[in-house]
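The next block holds one structure in the form of structure tokens; read it before the comments.
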Amino acid sequence: MEPNAAERRHLERQITFARPIFMVLALVDLLELKPAGQSHRAMMFVAVYLGAALVLALVQNFLRKIELQLPLLVDLAALAAFLTLTPSVVAFWFIYLFVAFAAGIRWGLRRAVVLAGGVTLALLVRTAIRGPVHWPVVFSWVALSTGTFAAGVGLAFLGERNRRHAAEHGFLARLTSLLQVDQGLAESLRQVLDELARAFACEDALLTFRDADIERIFVWQVRAGQSGRISPHSLPLTRGDGYLLDRPDVSVCWNEMEGPGEGFGWNRHDGRRLADVPRLPGPSRKEINLRSLLAVTLDFAGQPSGRVMLGNARRKFSPGDLRWLERIVRHMGPPLENLFLLRHLRARAIDAERGRISRDLHDGILQTLLSVEIQLDVLRRKLLSSPEQTAAGLISLQQTVRNESEELRRMVSDLRPLRVQSADLVDLMRGFAERFRDEAGFALDLLIDSAELQVPDRTCRELFQIYREALNNIKKHARASHVVVKLWQDDSQVVLVVDDNGEGFSFAGRFTGDELDRLRLGPISIKERTRGVGGILTVESSPGHGARLTIELPLG
23 MEPNAAERRH LERQITFARP IFMVLALVDL LELKPAGQSH RAMMFVAVYL
73 GAALVLALVQ NFLRKIELQL PLLVDLAALA AFLTLTPSVV AFWFIYLFVA
123 FAAGIRWGLR RAVVLAGGVT LALLVRTAIR GPVHWPVVFS WVALSTGTFA
173 AGVGLAFLGE RNRRHAAEHG FLARLTSLLQ VDQGLAESLR QVLDELARAF
223 ACEDALLTFR DADIERIFVW QVRAGQSGRI SPHSLPLTRG DGYLLDRPDV
273 SVCWNEMEGP GEGFGWNRHD GRRLADVPRL PGPSRKEINL RSLLAVTLDF
323 AGQPSGRVML GNARRKFSPG DLRWLERIVR HMGPPLENLF LLRHLRARAI
373 DAERGRISRD LHDGILQTLL SVEIQLDVLR RKLLSSPEQT AAGLISLQQT
423 VRNESEELRR MVSDLRPLRV QSADLVDLMR GFAERFRDEA GFALDLLIDS
473 AELQVPDRTC RELFQIYREA LNNIKKHARA SHVVVKLWQD DSQVVLVVDD
523 NGEGFSFAGR FTGDELDRLR LGPISIKERT RGVGGILTVE SSPGHGARLT
573 IELPLG
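Dropping the structure here:
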């Protein structure tokens with residue numbers, strides 16, 4: 023796994039700023055030596071090297087758009103030259119340790135270990151050539167070579183670990199960025215599962231989710247490279263053992279599931295190895311066609327809710343793979359939970375909107391049509407005996423049909439998707455307020471603090487829908503005589519407040535949208551729309567005395 027461009031720049035900055043620090047340490051050690059020709063040459067060399075390192079560091083610090091990087095081969099050449107110049111092994115060590123650290127970051131641990139071995143051998147040869155050979159000296163050579171090699175490998179390990187953490191951080195950030203509300207749950211899961219399958223060199227990736235509310239298990243499965251839309255398989259809760267949902271406390275790996283198999287696992291809470299590793303039942307293995315498996319539990323709100331499973335790997339899984347997948351799933355849990363919650367709220371909002379439309383049609387237009395049918399039957403019978411009365415009745419029915427046509431046109435207009443832009447928002451709100459006053463029959467004050475709002479188009483659309491829905495809810499349920507709507511904007515957000523003196527909600531107090539979700543209270547659609555654009559909803563209610571809705575939507 024390689025770091026992304028941003029993480030690579032960060033690693034290169036670490037190398038750039040570490041270089042002068044090690045050069046200063048080498049120079050300080052040389053200054054402690056007795057003056058000699060060779061030490062003067064070594065000090066001049068380190069001083070020039072230090073100057074170049076400082077220039078590079080200053081350029082990267084103040085001119086961030088310019089990326090100046092000294093190739094590692096240049097540092098290696100400098101190290102080789104310094105080996106021939108310096109009389110001090112300690113000063114050489116400082117530069118060598120920097121090169122080992124940089125090699126660990128740029129090359130990885132294996133190549134850096136080879137480098138450490140080569141430098142250790144070169145230092146040993148130099149020491150042997152310059153000094154006498156006898157047993158005490160030989161023992162010092164062993165200590166020197168062991169210390170040099172161990173120190174180099176240690177710094178290389180730290181550099182390689184730094185590189186790996188940067189790559190993992192970039193990978194986790196990329197996975198999180200794929201979980202987008204706008205593209206929907208199915209597409210977000212397809213992209214995340216495909217990314218996991220590629221990262222672990224697997225052919226298949228699955229996510230299982232247990233929905234306790236409707237007592238079903240949903241399974242999304244993606245093959246590496248799959249680009250089409252995916253749909254979940256819906257299964258009864260009794261099939262949970264087929265996906266190890268009956269053992270949420272374990273993390274499991276199987277490199278071979280047929281026959282006696284080859285697998286391992288541990289308790290995910292305390293890390294203890296499992297003596298008996300659970301495996302998928304035979305029918306499930308055949309159904310989803312898995313030969314090997316990594317399986318990690320997915321938690322929502324601290325409770326096990328599903329599993330992420332990777333299978334049919336093109337290489338052998340290791341314990342490090344299972345630990346890395348555990349870390350990935352822990353990181354994905356909160357954003358994935360939010361995505362599922364928004365999907366659930368959106369479904370509830372759609373059901374509520376369908377119910378509202380059904381009630382409006384039943385209580386309004388449908389009742390009117392039944393009344394028209396009855397009146398037409400009566401007029402048909404009076405047609406010959408009372409033509410004048412029949413004509414008057416038809417005129418009345420014609421007006422009734424005309425009124426219902428207007429009502430139906432208004433309903434269709436309200437259902438049509440809006441394209442609201444920032445420049446149109448104020449005019450649309452004022453126009454709706456005028457129409458609302460005429461229809462509702464009570465006072466409405468619309469107070470807008472700024473005539474020119476600068477709000478993103480999507481936020482404008484949701485803001486107007488929230489405003490319209492809040493007023494319609496008041497008209498139908500609140501029995502209010504006066505409504506005050508306030509709208510203003512600051513540098514970071516736009517705020518809408520809807521205040522009425524009606525009946526209020528069934529609860530008393532001040533609650534946020536999240537608190538209302540936990541209590542299963544409040545306007546579902548308004549909560550979903552507010553959360554969909556990253557906003558905050560606050561509801562204040564006093565039963566019998568009115569309610570206030572405050573909607574804060576970010577501008578970014």
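Residue 23 is where the sequence shown starts when you use this note's numbering, and the numbers rise one by one after that. From the three backbone atoms N, C-alpha and C, an ideal C-beta is built for every residue, glycine too.
For residue i, the first and last residue of its enclosing beta strand (DSSP E)
i: Pro-508; result: Note that residue 508 is Lys in the sequence shown here, rather than Pro. Segment 504–511, the beta strand (DSSP E) holding Lys-508.
i: Pro-576; result: 568–576
i: Asn-334; result: 325–335
i: Thr-230; result: 224–233
i: Ile-558; result: 558–564
i: Glu-550; result: No beta strand (DSSP E) contains Glu-550, which is instead part of the alpha helix (DSSP H) from 546–554.
i: Pro-258; result: 255–258
i: Asp-467; result: 465–470
Among the options, nearest to residue i - alpha-carbon criterion
i: Gly-293; options: Leu-49, Ala-455, Leu-344; result: Leu-344
i: Pro-565; options: Val-555, Ala-530, Pro-576; result: Ala-530
i: Gly-324; options: Val-141, Glu-484, Asn-334, Val-351; result: Val-351
i: Arg-579; options: Leu-571, Leu-312, Ile-548; result: Since the first residue shown for the chain is 23 and the last is 578, residue 579 is missing from the structure and cannot be characterised.
i: Gly-130; options: Val-164, Arg-186, Trp-288; result: Arg-186
i: Arg-232; options: Glu-225, Ser-256, Ala-569; result: Ser-256
i: Arg-290; options: Asp-298, Phe-123, Ser-273; result: Ser-273
i: Gly-333; options: Glu-278, Ile-372, Phe-286; result: Glu-278
i: Val-112; options: Phe-222, Ala-79, Phe-44, Leu-430; result: Phe-44
i: Ser-427; options: Ala-462, Leu-391, Pro-300; result: Leu-391
i: Ala-134; options: Asn-360, Phe-116, Leu-180; result: Leu-180
i: Asp-479; options: Glu-190, Ser-418, Cys-275, Asp-446; result: Asp-446
i: Leu-419; options: Arg-542, Val-434, Phe-322, Ser-393; result: Ser-393
i: Leu-347; options: Leu-315, Ser-514, Met-66; result: Leu-315
i: Pro-42; options: Gly-377, Ala-75, Leu-55; result: Ala-75
i: Leu-383; options: Arg-432, Leu-211, Gly-250, Val-164; result: Arg-432
i: Met-66; options: Val-50, Leu-466, Ala-462, Ala-79; result: Val-50
i: Ala-189; options: Asp-460, Ala-28, Arg-378; result: Ala-28
Element boundaries [alpha helix (DSSP H), containing residue i]
i: His-32; result: 27–53
i: Gly-526; result: Looking at the DSSP string, Gly-526 is not in any alpha helix (DSSP H), and its letter there is neither H nor E.
i: Ser-110; result: No alpha helix (DSSP H) contains Ser-110, which DSSP labels as neither H nor E.
i: Thr-390; result: 389–404
i: Gly-355; result: 341–382
i: Asp-216; result: 206–221
i: Thr-481; result: 479–495
i: Arg-307; result: 304–310
i: Val-141; result: 131–152
Contact under 9 Å by Cβ, residue i with residue j
i: Thr-230; j: Gly-355; result: no
i: Leu-52; j: Thr-106; result: no
i: Leu-538; j: Leu-559; result: yes
i: Ala-455; j: Val-507; result: yes
i: Leu-207; j: Ile-239; result: no
i: Asp-373; j: Asn-311; result: no
i: Ala-173; j: Ile-117; result: no
i: Gly-285; j: Val-299; result: yes
Residue i versus residue j - alpha carbon distance
i: Arg-483; j: Glu-34; result: 44 Å
i: Val-516; j: Asp-471; result: 11 Å
i: Gln-511; j: Gly-557; result: 14 Å
i: Lys-404; j: Gly-524; result: 47 Å
i: Val-203; j: Thr-534; result: 21 Å
i: Ile-488; j: Ala-569; result: 15 Å
i: Phe-114; j: Phe-339; result: 41 Å
i: Arg-452; j: Leu-469; result: 10 Å
i: Ser-444; j: Ile-546; result: 25 Å
i: Val-46; j: Leu-72; result: 7 Å
i: Pro-254; j: Ile-236; result: 15 Å
i: Ile-496; j: Phe-222; result: 54 Å
i: Val-77; j: Thr-38; result: 10 Å
i: Ala-79; j: Leu-361; result: 43 Å
i: Arg-205; j: Phe-458; result: Note that residue 205 is Gln in the sequence shown, not Arg. For Gln-205 and Phe-458, the distance between alpha carbons rounds to 34 Å.
i: Pro-341; j: His-32; result: 29 Å
i: Val-434; j: Asp-460; result: 19 Å
i: His-499; j: Ala-369; result: 23 Å
i: Gln-91; j: Gln-36; result: 11 Å
Closer than 8 Å: residue i CB and nearest the ligand NAP heavy atom
i: Val-506; result: With respect to the ligand NAP, the structure offers nothing, as it holds no ligand at all.
Nearest-angstrom Cβ-Cβ length linking residue i and residue j, presumed shorter than 8 Å
i: Val-214; j: Leu-200; result: 5 Å
i: Gly-549; j: Leu-367; result: The residue asked about is misnamed: residue 549 is Lys in this sequence, not Gly. Their Cβ separation, rounded to whole angstroms, is 6 Å, which keeps Lys-549 and Leu-367 in contact under 8 Å.
i: Pro-326; j: Asp-263; result: Between Asp-263 and Pro-326 the Cβ distance is about 14 Å, and since that is not below 8 Å, they are no contact.
i: Gly-386; j: Gln-397; result: That belief does not hold up - the Cβ atoms of Gly-386 and Gln-397 are roughly 17 Å apart, past 8 Å.
i: Ala-122; j: Ala-178; result: 5 Å
i: Val-555; j: Phe-486; result: Wrong, their Cβ atoms sit about 12 Å apart, outside the cutoff.
i: Leu-95; j: Ala-125; result: Incorrect: roughly 11 Å between the Cβ atoms, too far for contact.
Residue-level contact to chain D via CB, residue i, 9 Å cutoff
i: Gln-511; result: Any reference to chain D falls outside this structure, which holds one protein chain only.
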